[in-house]
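In full-length UniProt numbering, the protein residues as written are 1 to 472.
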Amino acid sequence: QASGLNPVESLHKEATCSVCLEYFRDPVSIACGHSFCRACITQCWKDQSTNFSCPQCREIALQRNFRPNRELGNVVEITRRLSLHGLQGAAGQEEGEERPLCEKHQEALKLFCSEEESLICCICREARAHRSHTVFPIEEAKEIECRLQKLKEELEKLLRLKLAGEVRHQESLNQTDTERQKVVMEFEQMHHFLDEQEKLLLAQLKEMEREIVKHQKIYDTKVSDEIVALTILIDEIEEKLEQPDSEFLQVRGVASEGNLETKDYLHYYYFDKTNAFTSMASFILSLLLPAVNITLDKDTANPQVIISEDRKSARWDVTRTDVPHNPKRFKSSCCVLGCEGFTSGRHYWEVNVEDGGIWAIGVARGSVRRKIELKLTPEEGIWALQGDFGQYQALTSPVTALPLLCTPRRIRVFLDYERGEVEFFNADTKDSIFLFPSALFAGERIFPFFKVLLAHSVISREHIYNHANVGT
């Protein structure tokens, strides 16, 4: 090995077969220790049957034996790669700098053989070994290498995107599965609740039927007794009619003494029972409505109505706050509307109210007058329930007093737009407080309505619900 060769050139020489002067292909070693391409040594020994001579050192071997040299094969592969990376240095040389020379022909290595993955000179290109190979100028090979690197970077980017997409996809599937489990659990709870309520209501109906039959019998007996008494009285009067006038006049006293107590017990009993049952059923059915968020519209709030930061509560203040002019704002009445308006469907929300002060809750038309002292009546487009220092009224025309046995702390406002109904419930006892049965909404948008005076009202955060018809 020449001492003047650099390490890369030495490695290139060690990876070259001394027979074909190309990189080893399937290198094998013979008895003397030298290595050759399997095809080359086979070709050299094809006419010999004994005395196998080494093509390099001429040492004689008695047998035709050779073994694969895998270590040398690895060295050859490394050398090929080094030759490929040598393109960058060769292509980047400044003008006037000498290029590496071909060891066989001492010509500049200007070409790259894609099959051999090595640099070759122009004479090598015309040699039999490379004549059928694809070759490129080293500058073009450099460009191909750069494009290849960009493609690899793009591929790596796409692989990262694919992985990120798979992660997001799995996260979405996990979230969907979690939501599915929540839906199943909530509906199981709802089914259990509805089953229990169904059993309760059916049992109440059964008991009501028994009570009605019982009172029907009492009613029939009472009426029958009175019919008999009236029949006897009528017979007595008719007998007196045939007597002289002096005796007949005595009948007046008999007739006036008649104590007829025919009353419609059944009607009153049935009305009270069915009214309570209907209120309970309506309350339970309202629980099936899905939730909606009710918030207070600050632009409609009277300057003395203070709205909380989360727009869930309203309170009265003696001082008028400095607020910008807004045509939607109530000027003289201490009122505020909800942001959410309804033009169809069934909806309900709940409001926590104080025992003291004056407050009113309900619904109002969007066209309700804002700049005058309002009369809270259906004629003005307001359907509301009012609390006045522990006294309760439905704001009808005239006002309907409501002597409630239980003071409501949380009131449910239920709106059925299509049926024109606004009903108020005690949300804790589930009792109906009052029903506006025939509200005239006139196709307008209806908003939650609140009034506070010396009072504080809070929209219940746990129980705000809504139901809208499909297509609304």
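We put the beta carbon where it would ideally sit given N, CA and C, even for glycine.
Buried or exposed for residue i, going by 16 or more other Cβ atoms inside 10 Å?
i	result
K328	exposed
P437	exposed
G443	exposed
R346	buried
I218	exposed
K214	exposed
D220	exposed
S313	buried
P100	buried
G387	buried
E188	exposed
P403	exposed
T203	Before going on, a small fix: residue 203 reads as Ala here, not Thr. By the 10 Å Cβ count, A203 comes out exposed.
I227	exposed
residue 475	Residue 475 falls outside the range modelled here, since the chain spans only 1 to 472, and no answer is possible.
S432	buried
F330	buried
H12	buried
L109	buried
P408	buried
For residue i, which residues in the same chain have their Cβ closer than 8 Å to its Cβ, ignoring the five residues on either side in sequence?
i	result
I144	F136
W316	Q304, V305, I306, C334, G357, V452, L453, L454, A455, H456
L87	Model confidence at L87 stands at a pLDDT of 48, short of 50, so the residue's coordinates are unreliable and nothing is read from them.
E373	S332, S333
G73	F24, D26, P27
A127	none
L62	T50, N51, F52
Which partner residues of residue i appear in the DSSP bridge assignment?
i	result
F342	I446
I60	S53
K451	C335, A360
C37	P27
R365	I446
E421	D416
T400	A394
G73	DSSP lists no partner for G73.
I307	A314
A384	G362
L435	E423
T16	Y23
R160	For R160, which the question treats as bridged, DSSP gives no partner whatsoever.
P378	Paired residue(s): none; P378 is not in a bridge.
P327	Answer by DSSP bridge pairing: none, since P327 is not bridged.
R81	DSSP lists no partner for R81.
R67	S29
What residues in its chain sit with their C-beta under 6 Å from that of residue i, if we drop five residues either side in the sequence?
i	result
K298	I307
E59	C32
C17	F24, F36, C37, C40
H133	C113, E115
N326	D299
Going along the chain, which residues of its own chain have a beta-carbon closer than 7 Å to the beta-carbon of residue i, five neighbours each way excluded?
i	result
residue 543	Outside the modelled stretch of the chain, which goes from 1 to 472, sits residue 543, for which no answer is possible.
R125	L111, V135
E379	S397
V183	none
Q56	S18, H34
Given a cut-off of 8 Å on the beta-carbon distance, is the pair residue i and residue j in contact?
i	j	result
C54	C32	yes
A364	V336	no
G341	I446	yes
I411	A394	no
L385	A360	yes
C122	E139	no
Y417	S344	yes
Y23	E116	yes
P448	W349	yes
F434	G420	no
D355	G390	yes
L296	G338	yes
T79	A15	yes
Nearest chain D C-beta to residue i closer than 8 Å, yes or no?
i	result
L405	Judged by its chain identifiers, the structure shown contains no chain D, having just a single protein chain.
Mind pulling the alpha helix (DSSP H) runs of 4 or more residues that sit fully within the UniProt domain "B box-type" (97 to 138)? The qualifying runs are 122 to 126.
Every unbroken alpha helix (DSSP H) inside the stretch 163 to 222 [4 residues or more]: For the stretch 163 to 222, not a single whole alpha helix (DSSP H) run of length 4 or above is found.
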